[in-house]
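J.: Residue numbers (this note's numbering): 607 to 866.
Even for Gly, the Cβ is constructed at its ideal location relative to N, Cα and C.
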Amino acid sequence: MSNLIKSHYIFFDKGEKRIIDSNIKPDAYQPISFHSQQFLDEPENEIEGISQDRIEKLVMEEAELMKERANTLLEDAIRKSNEIVESAKMEAYKEREAILSNAREEGYKEGYESGLEKINNLQTELENEKIRNQEEFKDQVAELEPKFAGIMISLIEKITGVIIEDQKEVILHLVKNTLNNMNNNMNFLIKVSKDDFNMVYTHRNDFLGELREGARIEVFEDQSLEQNQCMIETENSIIDCSLDVQLKSLLTNLKLLANI
């Protein structure tokens with residue numbers, strides 16, 4: 607291409623000129639007989655030793671092979687692409703589940719700790735309230751006890767005479783209660799006033815029923831005792847269970863309670 611010079615101008619050689627006559631035929635010119643040319647009957651582009659059919663077959667086979675390879679590569683690419691997508695989806699799902707799980711755990715933990723704190727605070731508050739109520743109750747009892755004891759003293763002093771007059775069996779109650787507290791003894795000597803002797807003696811067997819088997823009771827009249835006064839002697843003790851003594855003891859205890 608570098609030896610070619612392109613130009614817009616044409617130059618003519620003024621030297622020797624030649625005339626071309628197409629009507630003049632050279633001596634060596636001979637027309638070609640197409641029927642005598644064997645190669646014209648054969649394909650122009652046939653290669654020696656390989657037929658045209660064989661060439662076309664090889665080309666088709668190569669084309670099919672290339673097509674199969676292309677399809678294989680395409681399928682592999684699609685498969686790998688799908689695998690990558692699925693793997694990405696799985697990783698995203700795992701990450702999502704991990705985040706949700708952590709969030710749930712954090713939420714549960716936070717909720718549990720918050721609930722536990724509330725419960726502890728409530729328990730503390732209830733304990734404090736309980737202590738306050740107990741203190742208030744003690745204060746109220748301490749305030750009411752003297753008033754209550756004073757009322758009891760007044761009532762006992764007023765009704766003692768009524769009890770003695772209306773309840774002739776007071777002495778039996780006094781003896782029975784005293785014997786119940788002396789059940790470990792076997793021999794009892796009961797001293798009562800003249801007014802109470804018959805009643806106590808009549809109920810002697812009732813008293814024995816409250817004592818241990820084999821116990822013995824003797825009832826004596828004591829001229830020094832007044833009605834509802836009684837002394838009980840055992841092998842090792844003497845008990846004064848008179849009504850006036852017990853009332854006096856009760857009043858003393860109530861007065862101590864009332865700080866009188």
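Out of curiosity, what's the CA-to-CA distance linking L814 and D846?
T.: Answer to the nearest angstrom: the Cα atoms are 19 Å apart.
J.: Measure from the alpha carbon of F834 to the alpha carbon of each residue in R710, H779 and I684, then state which is nearest.
T.: Sequence inspection shows Asn at residue 834; the Phe mentioned does not correspond to that position. Minimum Cα distance to N834 is reached at H779.
J.: Locate the alpha helix (DSSP H) running through L831, then write down its first and last residues.
T.: Element bounds for L831: n/a, residue is neither H nor E.
J.: Run through DSSP, which three-state label would S799 get?
T.: Residue state, collapsed to three classes: coil.
J.: Under 6 Å Cβ to Cβ from E824, same chain only, skipping five residues before and after it: list those, please.
T.: L795, listed in sequence order.
J.: So what's E839 in DSSP terms, helix, strand or just coil?
T.: Strand at E839.
J.: Using three-state DSSP, classify R822 as helix, strand or coil.
T.: Looking at R822 - three-state DSSP - the assignment turns out to be strand.
J.: Let's see if you can read the secondary structure: which residues bound the alpha helix (DSSP H) around N811?
T.: Here the alpha helix (DSSP H) through N811 covers R810 to L814.
J.: Would you please state the rounded distance, in angstroms, between the beta carbons of V776 and L849? I believe it to be under 8 Å.
T.: About 6 Å separates the two Cβ atoms, so the contact holds.
J.: May I have the straight-line CA-CA distance separating E827 from S799, to the nearest angstrom?
T.: Cα to Cα, E827 sits roughly 6 Å from S799.
J.: Distance, Cα to Cα, K782 vs S830?
T.: Straight-line Cα distance between these residues: approximately 21 Å.
J.: Which of the three DSSP states, helix, strand or coil, is assigned to E775?
T.: Coil, per DSSP.
J.: With distances taken from CA atoms, which of N787, Y718, S687 and R818 is nearest I838?
T.: Comparing Cα-Cα distances from I838 to each of N787, Y718, S687 and R818, the minimum goes to N787.
J.: Looking at T840 and N793, is the spacing between their C-beta atoms short of 8 Å?
T.: Yes. Within cutoff.
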